[in-house]
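Novice: In order, the protein sequence lines correspond to chains A and B. Just so you know, we're using this note's numbering here: the first sequence kicks off at 331 and counts up by one. Just so you know, we're using this note's numbering here: the second sequence kicks off at 20 and counts up by one. Even for Gly, the Cβ is constructed at its ideal location relative to N, Cα and C. Pasting in a structure now, in structure tokens, and then I'll have a few things to ask.
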Amino acid sequence: MSGALQSPAALPMSAALRSFAAQWQARSPDSLSAVREQAMQRFLELGLPTMRDETWRYTNLRTLAAQSFVDAPRQTRGGIESDPAPSLLGDSGGAAPLFMINGYPSLPAAGGAIEGMEIHSLRELARVDPHTLLRFLEPLSDADQKRWGLLNTALFVDGLYLKITGRVPLPLVIQHVATGDGADNIAYPRIIIEAAPGSSATIVEHHVAQGEYTPLSNSNTQIALRRDARLEHYRVYATDTGATHIDSLDIRQDQGSQCKQFTIVLGGGLVRTALEARLGEPGASLDSYSLLVGHEARHVDCVNIVTHAAPETRSTQTARAIASDASRVIFNSKVIVDAGAVHSQSQQSCRGLLLSPTAEIDTRPQLEIHADEVKCAHGATTGRLDPDMLFYMLSRGLDRDTAQSLLVYAFLADVLTGMSVASARAAIESALISQLPDSQTLRKFR
Amino acid sequence: MLKITDLSARVAGKDILKGVNLEVRAGEVHAIMGPNGSGKSTLAQVLAGREDYEVTGGTATFDGRDLLALPPEERARAGLFLGFQYPVEIPGVNNVYLLKAALNAKRKAAGEPEVDAYEFLTLIRQKMKFMQMSESFLTRGVNEGFSGGEKKRNEVLQMLILEPKLAILDETDSGLDIDALKVVSAGVNTLRDPKRAIVLVTHYQRLLDYIVPDQVHVLSGGRIMKSGDSSLAQELERRGYDWVTESQVA
């Protein structure tokens with residue numbers, strides 16, 4: 331690409347940074363080049379996050395930093411198996427899923443549309459209407475948790491812009507398929523969702539993997555809800571144990587808008603999810619649910635930062651974390667109430683359940699309040715299965731595994747019952763159950 | 020059916036049972052009475068297999084099998100049922116699911132096929148009607164938000180569905196008003212059968228007006244101090260537990 335990047339003077343670049351810089355050099359210029367170059371420059375100056383960074387204190391990226399990465403191959407729908415993974419919504423009669431393969435949408439150049447929604451490719455949008463796109467790329471941020479977002483901005487080649495214009499009657503599933511041709515692949519999926527005033531939709535992002543190699547996924551989703559818009563958004567990770575996901579989700583809400591967001595981690599080896607929401611105008615409301623399942627050696631690091639920037643805004647965060655085997659699950663949430671955001675309400679509830687002596691759960695609910703007359707509550711508890719409940723069920727003759735599984739399932743009920751999409755809920759329950767002991771018996775209870 | 024010999028047990032480092040001897044034969048109803056803290060509930064929990072209660076001596080056999088060697092779920096499948104004094108609430112686990120799983124576990128252990136879903140629902144509705152329980156029970160979590168009386172009715176309902184050989188009911192009468200007491204007692208009485216046995220653990224004689232026991236035992240200080248027929252319960256009601264505990268000291 332055009333300008334030669336200056337390497338930061340003080341630190342030698344890690345292998346990963348050098349490889350990202352090389353990807354940048356190989357990109358063709360486009361209408362976004364100026365902002366992309368700034369993003370790349372900032373990213374290289376900041377470097378990869380380390381455990382000294384506030385929102386990265388639980389996740390060590392040293393192994394990742396020592397690797398070199400190349401772009402995951404561009405694949406079309408025809409290049410993958412006909413049915414790469416069962417759709418999360420099964421045959422519920424939802425709209426046909428949109429495929430994003432290694433970040434490339436399977437979409438005609440002219441885009442597409444479903445009732446209530448326009449669908450555009452980012453590559454095409456950059457060509458015909460760069461200003462719409464630039465509104466979402468700027469301003470760049472230096473925050474710790476946004477560094478991977480800078481890298482995505484610099485390097486994403488394509489993606490989806492979903493413009494919700496009215497009431498979208500059926501849930502839309504975006505099937506992210508990761509499929510590599512080597513262990514060093516990286517993909518940069520980018521999605522921008524903009525909901526017009528008064529519109530409503532349900533969007534499910536489902537991350538699955540296919541084939542021998544799963545690329546490192548540095549995905550980025552931005553959501554902008556205009557006045558009184560309503561969105562229910564899911565991001566579900568169901569890849570294999572070798573997969574690494576670094577996902578950033580950014581939500582901006584205008585007056586009276588309502589967002590329900592579900593982050594469901596059922597797969598992957600290292601999964602890092604960030605959610606950053608800004609309730610920018612009065613009456614904006616966000617309900618965030620996190621269901622984090624640690625299994626085998628999985629490492630799940632979930633960071634939520636919710637900013638109440640206007641009066642009478644409302645947020646809830648409900649997180650349920652389960653860790654079995656030698657897994658580790660982190661839920662790190664922060665609510666910031668800006669000066670002037672009076673009469674705001676927030677609630678954080680995080681519960682952890684440890685199923686093995688070698689598993690670990692860290693929860694860190696935080697509050698930063700700069701306004702008077704606000705109502706903010708937070709609570710976090712982590713424990714093992716309640717021995718009284720377990721004994722009660724055993725005394726009725728249930729197998730220990732069945733009893734434990736039922737209790738684990740019950741523990742997650744608060745998140746599952748919040749889901750409005752019955753078919754998504756059923757699919758998530760089913761995937762969840764398969765990771766619990768005695769899944770066969772448990773299926774009968776559904 | 021149940022034979023307990025010199026049974027001793029410790030809870031949280033404290034000796035509670037100090038050599039209990041008791042034999043219950045098929046067809047019999049026994050009442051175990053005694054003052055608070057005498058070890059009644061501990062005995063019930065130890066027999067059901069509560070793991071944090073440590074058995075320090077003695078034996079207990081159930082139909083000739085070493086009861087203490089079995090984990091709690093196997094005791095249940097062998098036909099032992101404990102009606103809890105304080106049934107736990109399990110939000111998120113449906114009442115009907117639990118009952119069905121319990122019944123199927125028992126049937127599986129007996130080599131029988133799983134219960135048909137329709138038959139099961141018919142059975143549960145019939146028993147619920149008998150126990151005068153509301154329909155909402157079917158959709159609620161186990162004991163979730165139940166009043167004390169509803170929880171006890173639920174214990175008896177579970178017992179009626181599981182039809183145990185030996186039912187140990189731990190203060191099933193406590194916290195019940197007179198109408199509920201009648202319903203619960205009627206439920207227990209339907210289970211009286213020459214092939215079954217029932218052990219009622221109770222603090223008050225009141226329950227025994229409705230379920231007349233064959234034998235009454237007074238447990239005090241971790242031992243059975245006195246045994247007799249149902250008239251012993253009436254005498255205890257008149258004279259109080261001090262009468263037994265003091266006469267033993269004297």
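Looking at A/LEU428: is its Cβ nearer than 8 Å to the Cβ of A/LEU502?
Specialist: Along the first sequence, read from residue 1 onward, the residue named residue 428 of chain A stands at position 98. Along the first sequence, read from residue 1 onward, the residue named residue 502 of chain A stands at position 172. Result yes, Cβ atoms of A/LEU428 and A/LEU502 sit closer than 8 Å.
Novice: What would DSSP say about A/GLN552, mapped onto helix, strand or coil?
Specialist: The residue given as residue 552 of chain A occupies position 222 in the first sequence. Here A/GLN552 sits in strand by DSSP.
Novice: Compile a chain-ordered list of the residues in the region 113-126 of chain B whose CB is closer than 9 Å to at least one CB of chain A.
Specialist: Within the region 113-126 of chain B, the qualifying residues are ASN113, TYR116, LEU117, LEU118, LYS119, ALA120, ALA121, LEU122, ASN123, ALA124 and LYS125.
Novice: Of all Cβ atoms in chain A, is any one closer than 8 Å to the Cβ of B/ARG69?
Specialist: Reading the second sequence from its first residue, position 50 is the one you call residue 69 of chain B. Chain A contact via Cβ: present.
Novice: At the level of alpha carbons, what is the spacing between B/ALA136 and A/ARG726?
Specialist: By 1-based counting over the second sequence, the position of residue 136 of chain B is 117. By 1-based counting over the first sequence, the position of residue 726 of chain A is 396. Those two C-alpha atoms are separated by around 19 Å.
Novice: Is it buried or exposed, A/SER764, if we count other Cβ atoms within 10 angstroms and call 16 or more buried?
Specialist: Counting from 1 along the first sequence, the entry for residue 764 of chain A is found at position 434. Result: exposed.
Novice: Determine the chain A residues that contact B/PRO110 at a beta-carbon separation under 8 Å, and present them in chain order.
Specialist: To locate residue 110 of chain B, count along the second sequence from 1; it is residue 91. Within chain A, the residues near B/PRO110 are ALA740 and ALA743.
Novice: Going along chain A, which residues have a C-beta under 8 Å from B/PRO213?
Specialist: Looking up residue 213 of chain B in the second sequence gives position 194. Per Cβ cutoff of 8 Å: no residues; B/PRO213 is ~24 Å from chain A at best.
Novice: Check whether the Cβ of A/PHE592 lies closer than 8 Å to any Cβ atom in chain B.
Specialist: Your numbering for residue 592 of chain A matches position 262 in the first sequence. No, A/PHE592 does not count as interfacial toward chain B.
Novice: Would B/VAL43 be called buried (16 or more neighbouring beta carbons within 10 Å of its own) or exposed?
Specialist: As a working note, residue 43 of chain B is residue 24 in the second sequence. Buried.
Novice: In chain B, what lies closer than 7 Å to A/ARG730 by C-beta?
Specialist: Taking the first sequence and counting its residues from 1, one reaches residue 730 of chain A at position 400. Ordered by position in chain B, the residues that pass the 7 Å Cβ test against A/ARG730 are GLU92.
Novice: Rounded to a whole number of angstroms, what is the C-alpha to C-alpha distance between A/LEU455 and A/LEU362?
Specialist: As a working note, residue 455 of chain A is residue 125 in the first sequence. As a working note, residue 362 of chain A is residue 32 in the first sequence. Roughly 11 Å separates the two Cα atoms.
Novice: Would you identify the three-state DSSP class for B/PHE165, choosing helix, strand or coil?
Specialist: Here residue 165 of chain B refers to the residue found at position 146 when the second sequence is read from its first residue. DSSP places B/PHE165 in coil when its eight states are reduced to three.
Novice: Using a Cβ-Cβ distance under 8 Å, would B/GLN177 count as near chain A?
Specialist: The residue given as residue 177 of chain B occupies position 158 in the second sequence. Chain A contact via Cβ: present.
Novice: Please list the partners that A/LEU736 has in chain B, where partner means a Cβ-to-Cβ separation under 7 Å.
Specialist: Your numbering for residue 736 of chain A matches position 406 in the first sequence. VAL112, listed in chain order.
Novice: Closest to A/ALA757 by C-alpha separation, out of A/GLU698, A/LEU596 and A/LEU609, would be which residue?
Specialist: Counted from its first residue, the first sequence places residue 757 of chain A at position 427. The candidate whose alpha carbon is nearest that of A/ALA757 is A/LEU596.
Novice: For chain A, check one thing: does any of its Cβ atoms lie closer than 8 Å to the Cβ of B/PHE81?
Specialist: Numbered from its first residue, the second sequence carries residue 81 of chain B at position 62. No, no contact with chain A.
Novice: Whole-angstrom Cβ separation of A/VAL566 and A/ILE533, contact assumed at under 8 Å?
Specialist: Taking the first residue of the first sequence as 1, we reach residue 566 of chain A at position 236. Taking the first residue of the first sequence as 1, we reach residue 533 of chain A at position 203. Contact flag wrong, Cβ pair sits at about 11 Å.
Novice: Going by Cα to Cα distance, which pick from B/ARG258, B/PRO213 and B/GLY241 is closest to B/TYR223?
Specialist: Residue 223 of chain B sits at position 204 when you count from the first residue of the second sequence. The shortest C-alpha separation from B/TYR223 is found at B/ARG258.
Novice: Can you have a look at B/VAL237 and say buried or exposed, based on whether 16 or more other CB atoms are within 10 angstroms of its CB?
Specialist: One-based indexing of the second sequence puts residue 237 of chain B at position 218. Buried, by the Cβ-count rule.
Novice: Would you please verify whether the beta carbon of A/GLN552 is less than 8 Å from any beta carbon of chain B?
Specialist: As a position in the first sequence, residue 552 of chain A is number 222, starting the count at 1. No - not a single Cβ of chain B is within 8 Å of the one on A/GLN552.
Novice: Measuring straight from C-alpha to C-alpha, what distance separates A/ARG465 and A/ASP718?
Specialist: Indexing the first sequence from 1 puts residue 465 of chain A at position 135. Indexing the first sequence from 1 puts residue 718 of chain A at position 388. C-alpha separation (whole angstroms): 55 Å.
Novice: Starting from B/PRO110, trace the beta strand (DSSP E) in both directions and tell me its first and last residue.
Specialist: Within the second sequence, residue 110 of chain B is the residue found at index 91, counting from 1. Start and end: 109-113.
Novice: Which residues does DSSP pair with B/LYS146 in a beta bridge?
Specialist: What you label residue 146 of chain B is simply residue 127 of the second sequence in a count that begins at 1. According to DSSP, which records beta bridges pairwise, B/LYS146 is partnered with nothing at all.
Novice: Can you confirm whether B/VAL107, when its beta carbon is compared against all beta carbons of chain A, has any partner nearer than 8 Å?
Specialist: Numbered from 1 along the second sequence, position 88 holds the residue referred to as residue 107 of chain B. So yes, B/VAL107 belongs to the interface.
Novice: Alpha carbon to alpha carbon, how far is A/PHE721 from B/ARG69? Give it in angstroms, no decimals.
Specialist: Reading the second sequence from its first residue, position 50 is the one you call residue 69 of chain B. Reading the first sequence from its first residue, position 391 is the one you call residue 721 of chain A. If I take the Cα positions, the gap works out to 7 Å.
Novice: Does A/LEU794 come within less than 8 Å of chain B when only Cβ atoms are used?
Specialist: Outside the displayed span of chain A (331 to 776) sits residue 794 of chain A, for which this structure offers no information.
Novice: Go through the region 419-477 of chain A residue by residue and report every complete run of the alpha helix (DSSP H) that reaches 4 residues or more, in order.
Specialist: Whole alpha helix (DSSP H) segments, 4+ residues: 452-458 and 460-467.
Novice: In the DSSP assignment, what are the bridge partners of A/ALA710?
Specialist: Position 380 of the first sequence, counting from 1, holds the residue named residue 710 of chain A. The partner list for A/ALA710 (beta bridge, DSSP) reads A/CYS680.
Novice: Among the candidates B/ALA121, B/VAL220 and B/SER250, whose CA atom is the shortest distance from the CA of B/ILE51?
Specialist: What you label residue 51 of chain B is simply residue 32 of the second sequence in a count that begins at 1. Of B/ALA121, B/VAL220 and B/SER250, the residue nearest in Cα terms is B/VAL220.
Novice: In three-state terms, what does DSSP make of B/VAL268?
Specialist: Within the second sequence, residue 268 of chain B is the residue found at index 249, counting from 1. Any reading at B/VAL268 must be qualified, since the residue scores a pLDDT of 48, below 50, and its modelled position is unreliable; the value itself is stated next. In the structure shown, B/VAL268 sits in a helix (DSSP, three-state: H, G or I).
Novice: Check the Cβ of A/MET719 against every Cβ in chain B and list those closer than 7 Å, keeping chain order.
Specialist: In the first sequence, counting from the first residue as 1, residue 719 of chain A sits at position 389. Those are VAL107 and ILE109, listed as they occur along chain B.
Novice: Checking the sheet assignment: what are the DSSP bridge partners for A/HIS673?
Specialist: Reading the first sequence from its first residue, position 343 is the one you call residue 673 of chain A. Answer is none; A/HIS673 lacks a bridge partner.
Novice: Indicate whether the contact test is met: 3 or more Cβ pairs, each with one atom in the region 199-209 of chain B and one in the region 140-151 of chain B, closer than 8 Å.
Specialist: Flag = yes, the region 199-209 of chain B and the region 140-151 of chain B touch.
Novice: So A/GLU375 is in the alpha helix (DSSP H); what residue range does that whole segment cover?
Specialist: Sequence index remark: in the first sequence, residue 375 of chain A carries index 45 (1-based). Taken as a continuous stretch (DSSP letters only), the alpha helix (DSSP H) holding A/GLU375 covers 363-376.
Novice: So, does the CB of B/PHE165 fall closer than 8 Å to a CB anywhere in chain A?
Specialist: Indexing the second sequence from 1 puts residue 165 of chain B at position 146. So no, B/PHE165 is outside the interface.
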